[in-house]
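Protein chains in written order, with our numbering: chain A, 827 to 1012; chain B, 446 to 947. Think of the CB as a built atom: it goes at the ideal place given N, C-alpha and C, for glycine as much as any other residue. Nothing here was measured: the structure is a model prediction, and the numbers come from that model. Scroll down for the structure; my scribbles are underneath it.
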Amino acid sequence: MSTPRQRVYGYLAEFHSAAALYQAAEKVRAAGFQRWDCYSPYPIHGLDAAMGIKRSVLPWLVFFGGLTGTVTAFTLAYTTQVVIFPTVVQGKPANIFTLPAFFPVMFELTILFASCTAFFGLLSLIQLPRLNHPLFASKQIHRGTDDGFFIAIEARDGNFSSTATRALLVDIGGSNIELVTEEDGC
Amino acid sequence: MASTTQPAPEAPHTGPKLPVLERESLVLNERSYHWITERVCGVIENPQPPLWWWLFIPCALIAVIGVGGGLFYLVSTGVGVWGNTNRVMWGWPIVNFVFWIGIGHAGTLISAILYLTRQNWRTSINRAAEAMTIFAVMCAGLFPAFHIGRVWMAWFLAPVPNANGIWQNFKSPLLWDVFAVSTYFTVSLIFWFLGMVPDLGTIRDRCQPGLRKIIYGVLALGWRGGNRQWSHYEMAYLLLAGLATPLVISVHSVVSFDFATSVVPGWHTTIFPPYFVAGAIFGGFAMVLTIMVPARFVYGLQDLITIKHIDNMAKIILLTGTIVGYAYLMELSVAFYSGSAYEMDAFKFRIAGPYWWAYVAMLVCNVIAPQVFWWRACRENLWVVMIVAMFVNVGMWLERFVIIVTTLARSWLPGDWKTYSPTHVDVMLFLGTLGLFFSLFLLFLRFLPCINIVEVKWAKRESDPHHTARLEYPDPGVVTEPAYQRELAQISNLKSQITTLP
């Protein structure tokens, strides 16, 4: 048995509107923080740029996912229809010129593979499912999925300081500033 | 860098200044974010109205008896009891398959195509419409799976090697259908679930600790709503919308290939794919209205699903119904112009044969009934909207009946000619899928957020970060059903007083 210790996750500050959050995000970014995030009940237009987040790489993953689908479908159709078991039905040949008849399946598998890539790619990019995030220890973060706008600056960030970061958050208009801690069970 | 917003360059303006009309608000009565959360989550959290049970119990019973009992009888006895032994072997099962798969299309249209075209009014109806898609495709999938005859051989549809070393025929539209429908179901499920993750997070955050919180918490995947998540999330949603848009068009096109690539007079036409897609959207929107207009009343969602939403859906029904009417006429015109005796005879049989009543009813329901939506008063009168939606539901089923039954009843060989009538198993299964569909939808209303909370909030005017007016809303507290109904009555009372002033 050991005494549970409190580990500091960071500061959480509330802002009264999307506009206030947007302006505050620009200032936090200008202060040079790296490990921080804005929490809002809906995606806010333009906040990515205000926070300096790069465009998602997901389209590239999805493109190659879709390409895999096309190739899979073609290989499947060509191998089974032409190589392994050539059948001449519906007056269609059993060679490479059968290709147009394979298009529907190629199209569907492209969409299927691309969509699955979008889903699982997203989950890996945003690192979900994760049910135990330290932020859930906060007493007010539940309002972030309702009507609250928050900024959380993590203690792991190199620029974090227990006094200066708090002062910054007050300065840019944050209220209800909370030091989020989690129990460290080691 | 894009981090600082530049003011737009002032272009010299010379012409007359036109007033900029304000957009119609999608959420009525200036509701706050918290109000929206309360209202939508309240549908799940408040005790269900007795009407829910009055609807759910009969629907579930019909589903159990119709689908459960019907399929048990069918499989244990043999497909002979299905009435598919005569020449019209596709019969009701495929009529129902095409009917249900078509219903699903409106859901994807609302969630994907209207998303890409930035139609913000979709936000309050897309969740329910997507749920409808999933349930309709489930009902649809039942029919071909059992229609193959020996359902335990259904895995032969999948391209896996079997003991005979025979592979599926990739040149056949029936196999294309297998791929199209299963892809459609999977992608719709992903799209629906992904759209629901943030809302499930909202419900999780409102739950008291306990089993309920754990279940919603697991379903929400630990969603936190940070912008580093939103950034990828929005991209994924956009990509899925972009993928689902061609998919939804392809699915009903492939379904129509089942008919169009055959050499049967009346089916072998190039107009089938667009005609089927328009018909599917048409029938789907009617079903969305059929289920959402009552749900809007029962759960008091009048501020979120407004008359504007219903008006827009009525306009889409009018447009697609007219496209379908054009397709009916074009079919006749092409049959006449082809000069082919068989083609002309097929349509003569449709119009004047023993199934003339189905053809006439189809025209009345699908082409004539929606024409009332040219008038604004009809689009805004919910009774008229519901009646037309019912007409369309019936009409779209009849359309598939006309296409399948009247064509197969008069095949090439006169010896094959039959007058088709359904068996009791057909009726049981069809009613059973209706029961299944509605009971699944009622369960959805009971347990999952029926309105996309996130997108409704997002579409509000003050959600734009450049909206500078400071907003102060009174805290609505817990919005109970009676309090809300009283409030709505007060508002309408006030409005009527304003309009009756001299």
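Item, Value
"Local Cβ density within 10 Å of B:Gly483, reported as buried at 16 or more and exposed below that", "One detail in the question is off: residue 483 of chain B reads as Glu in this sequence, not Gly. So B:Glu483 counts as buried."
"Neighbourhood of A:Ala920 by C-beta, 7 Å cutoff - its chain only, sequence neighbours within 5 removed", "Gln907, Val908, Pro912, Thr913 and Val914"
"Distance between A:Phe975 and B:Trp597 (C-alpha atoms, nearest Å)", "54 Å"
"Cβ neighbours of B:Asp622 in the same chain (closer than 7 Å, five flanking residues each side left out)", "Val699, Val700 and Asp703"
"Beta-carbon proximity check, A:Pro930 vs B:Ala723, cutoff 9 Å", "no"
"DSSP bridge partner residues for B:Leu764 (one or two, in chain order)", "Answer is none; B:Leu764 lacks a bridge partner."
"Burial state of B:Pro947 (16 or more Cβ within 10 Å)", "At B:Pro947 the pLDDT is 47, less than 50, meaning the model places this residue with poor confidence; the figure from the coordinates comes in the next sentence. Label assigned to B:Pro947: exposed."
"Separation of B:Pro494 from B:Ile507, as counted between CA atoms", "21 Å"
"Extent of the continuous alpha helix (DSSP H) run through A:Cys942", "Leu925 to Leu951"
"A:Phe900 versus B:Ile579 - alpha carbon distance", "28 Å"
"Straight-line gap, A:Arg992 to A:Met877 (C-alpha atoms, nearest Å)", "19 Å"
"Closer than 9 Å to chain B by CB, A:Phe986", "no"
"Cutoff 8 Å; reference B:Asp756; Cβ partners in own chain excluding five residues on either side", "Arg821, Arg824 and Glu825"
"Members of the stretch 946 to 975 of chain A near chain B, C-beta cut-off 7 Å", "Leu948, Leu951, Ile952, Leu954, Pro955, Arg956, Leu957, His959, Leu961, His968, Gly970, Thr971, Asp972 and Asp973"
"C-beta contact flag for A:Phe890 and A:Ser1001 at 9 Å", "no"
"Start and end residues, beta strand (DSSP E) containing B:Thr631", "Element bounds for B:Thr631: not the beta strand (DSSP E) but the alpha helix (DSSP H), Pro618 to Arg651."
"Beta-carbon proximity check, A:His866 vs B:Trp668, cutoff 9 Å", "According to the sequence displayed, residue 866 of chain A carries Ser and not His. No, these two residues do not count as a Cβ contact at 9 Å."
"Residue-level contact to chain B via CB, A:Ser882, 9 Å cutoff", "yes"
"Within 8 Å of chain A by C-beta, residues of the stretch 665 to 681 of chain B in sequence order", "Leu666, Gly667, Trp668, Arg669, Gly670, Gly671, Asn672, Arg673, Gln674, Trp675, Ser676, His677, Tyr678, Glu679, Met680 and Ala681"
"Beta-carbon spacing of B:Ile546, B:Ala581 below 9 Å", "yes"
"Helix, strand or coil at B:Phe967 [DSSP, three-state]", "The first residue shown for chain B is 446 and the last is 947, placing residue 967 of chain B beyond what the model contains."
"Euclidean distance between Cα positions of B:Gly610 and B:Leu619", "20 Å"
"Three-pair Cβ contact test at 8 Å for the stretch 968 to 988 of chain A versus the stretch 927 to 943 of chain A", "no"
"Under 7 Å by beta carbon: chain B residues contacting A:Val805", "Here chain A comprises residues numbered 827 to 1012, so residue 805 of chain A is not present and cannot be evaluated."
"Spatially closest choice to B:Thr868 from B:Asp909, B:Asp861 and B:Leu876, by CA coordinates", "B:Leu876"
"Beta-carbon spacing of B:Val899, A:Pro869 below 9 Å", "yes"
"Distance, A:Ala875 Cα to B:Met446 Cα", "Since pLDDT at B:Met446 reaches only 36, below the 50 mark, its modelled position is unreliable, and the value read off the structure follows with that caveat. Between B:Met446 and A:Ala875, the C-alpha separation is close to 8 Å."
"Listed by chain order, chain B residues near A:Val915 by CB distance under 7 Å", "Asn614 and Lys616"
"Cut-off 6 Å between Cβ atoms - residues of its own chain near A:Val888, not counting five sequence neighbours on either side", "Ala940, Thr943 and Ala944"
"Residues that A:Phe900 contacts on chain B, provided the C-beta gap is smaller than 7 Å", "By Cβ distance, chain B contributes nothing, its closest Cβ being about 10 Å from A:Phe900, past 7 Å."
"Through-space distance from A:Asn958 to A:Val834, alpha-carbon basis", "15 Å"
"Backbone CA spacing between B:Ile726 and B:Thr690 [nearest angstrom]", "13 Å"
"Closer than 9 Å to chain A by CB, B:Asp909", "yes"
"Buried or exposed (CB count within 10 angstroms, at least 16 for buried), A:Glu1019", "One cannot answer for residue 1019 of chain A here, as it falls past the ends of chain A, which runs 827 to 1012."
"Selection of the stretch 622 to 637 of chain B by Cβ proximity to chain A, strictly under 7 Å", "Phe624, Ala625, Thr628, Thr631, Val632 and Ile635"
"Option nearest B:Gln564 by Cα separation, candidates B:Ala814, B:Met758 and B:Val872", "B:Met758"
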